[in-house]
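Please read the structure below before turning to the comments.
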Amino acid sequence: MAESREHTFIGTRGRNRVRAWPHDRPRYVAVLVHGYGEHIGRYEYVADRLVRHGAAVYGPDHMGHGRSDGDRVHIEDFEDVVTDVHSVVGQARADHPGVPVVVIGHSMGGLIATRYAQRYGDDLTALVLSGPVIGEWEVLTTLLAYEEPPHTPIDPATLSRDPSVGTAYEEDPLVWHGPFKRPTLEALATTLAEIAKSGRLGALPTLWVHGADDALVPLAGSRSGIEATKGPNLTERIYPGARHEVFNETNRDEVLDDVTTFVDRALPT
C-alpha cells in the first residue's frame, strides 16, 4: 500500500485530522470524502490505486468521526463539513499549485461532495459520487419520526459481498456502532433540501457509481437526486449484485478502473 502521513488543522468545530498519500509529481489531486460513522482509514485501498494512477490523495476525518474532534457522529450543519473539506482542498492546492482537483465522495460523503460542488464546483476538474445520500432517503424519514432515534445497527452484510469487509467494519474501534444523533438527522434533511434547491452542477464532469443491491442507500432514491442535480457531463455505472460500499466490493478493481478511466477523460490534455 502507498505510504501516508497525517496532519491536523483547526476546522469549523475543532481540530480535524487529515491523511495524505503523497505523490512526487501528481497529475491530479484526489480528495476523498468518507461516509457516516466511518473514517478515512477505511480508504487505504482506494488511495493506493489512485496514487498508482498518478494522484496525490488527501482525506479528512469529518468532525465527530475517526480521530477528529467533536461528539461522535454529531453534526449540526453540513455546510461546516463542506467548509472543512474546502480547507483540505486549499492545503492540497498549496502543496501542488496548478494541479487539477477531483473530489470523490461516498454515501454521506456523496452528499457532502455534491454540496461542495454546488459551492465550489468552478474550482474542480471532476466529481465522483459513490452510493450518494442525495435525493430521497427513506431511512431519514423513518428515523426523524422518533424524538430519540432508535438504535438500528448496520447489518455488516449490507456493505459488501466480501464478508471480510463486514467483519473489519464490526471490529474497527474508530467506526461508530451506536444510534444516529437527532441533530445529525435534522442536518442531513436540511442539506438534502438545500441541494435540491441549489441547482445543477453545470458542465462539471461527474461519475456516479452505485451498487444495484444497495440496501442502505437504495438506488432509486439516489437516482432522484442525481436527476435533479446532474449536468450534461454525467457518467453512470450501476453494478449488478453490488451492495453499498462499491469501493470495497468483490468487483472493486472494476469500479476503480471505471473511476480512473473517467478521471483520465476529465483531466486537461
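Going letter by letter, the sequence shown gives residues 3 to 271 in this note's numbering.
Backbone N, C-alpha and C define an ideal beta-carbon position, used for all residues, glycine too.
Owing to the predicted nature of the structure, the values given are computational and were not obtained by experimental measurement.
Residue 187, enclosing alpha helix (DSSP H) - first and last residue:
184-199
What is the DSSP secondary structure of residue 132, reduced to helix, strand or coil?
strand
At a cut of 8 Å, does the stretch 25-44 reach the stretch 57-73 through at least three beta carbon pairs?
yes
Which class does residue 208 belong to by DSSP, given the choice of helix, strand or coil?
strand
How big is the Cα-Cα spacing for residue 13 and residue 86?
6 Å
Alpha-carbon spacing of residue 243 relative to residue 221, whole angstroms:
12 Å
Alpha carbon to alpha carbon, how far is residue 54 from residue 4?
8 Å
Taking 8 Å as the threshold, find out whether the stretch 204-224 comes into contact with the stretch 70-79 through three or more Cβ pairs.
no
Rounded C-alpha distance that separates residue 214 from residue 224:
11 Å
Of all the beta strand (DSSP E) runs that stay within the bounds of the stretch 26-100, which reach a length of 3 or more residues?
30-35, 57-62
Classify residue 32: buried if its beta carbon has 16 or more other beta carbons within 10 angstroms, exposed otherwise.
buried
Provide the residue span of the alpha helix (DSSP H) that contains residue 12, from first to last.
Residue 12 -> not in any alpha helix (DSSP H); beta strand (DSSP E) instead, spanning 7-13.
Check whether the Cβ atoms of residue 179 and residue 155 sit closer than 8 Å, and answer yes or no.
yes
For residue 226 and residue 8, I'd like the C-alpha separation in whole angstroms.
37 Å
Assess, as a yes-or-no matter, whether the stretch 228-244 is touched by the stretch 20-39 under the definition of 3 or more beta carbon pairs within less than 8 Å.
no
Three-state secondary structure assigned by DSSP to residue 238
strand
Beta-carbon proximity of residue 185 to residue 169, cut-off 8 Å
no
Less than 8 Å between the beta carbons of residue 104 and residue 115, yes or no?
no
Do three or more CB pairs link the stretch 189-202 to the stretch 129-143 at distances below 8 Å?
yes
With residue 265 as the anchor, note down where its alpha helix (DSSP H) starts and where it stops.
254-268
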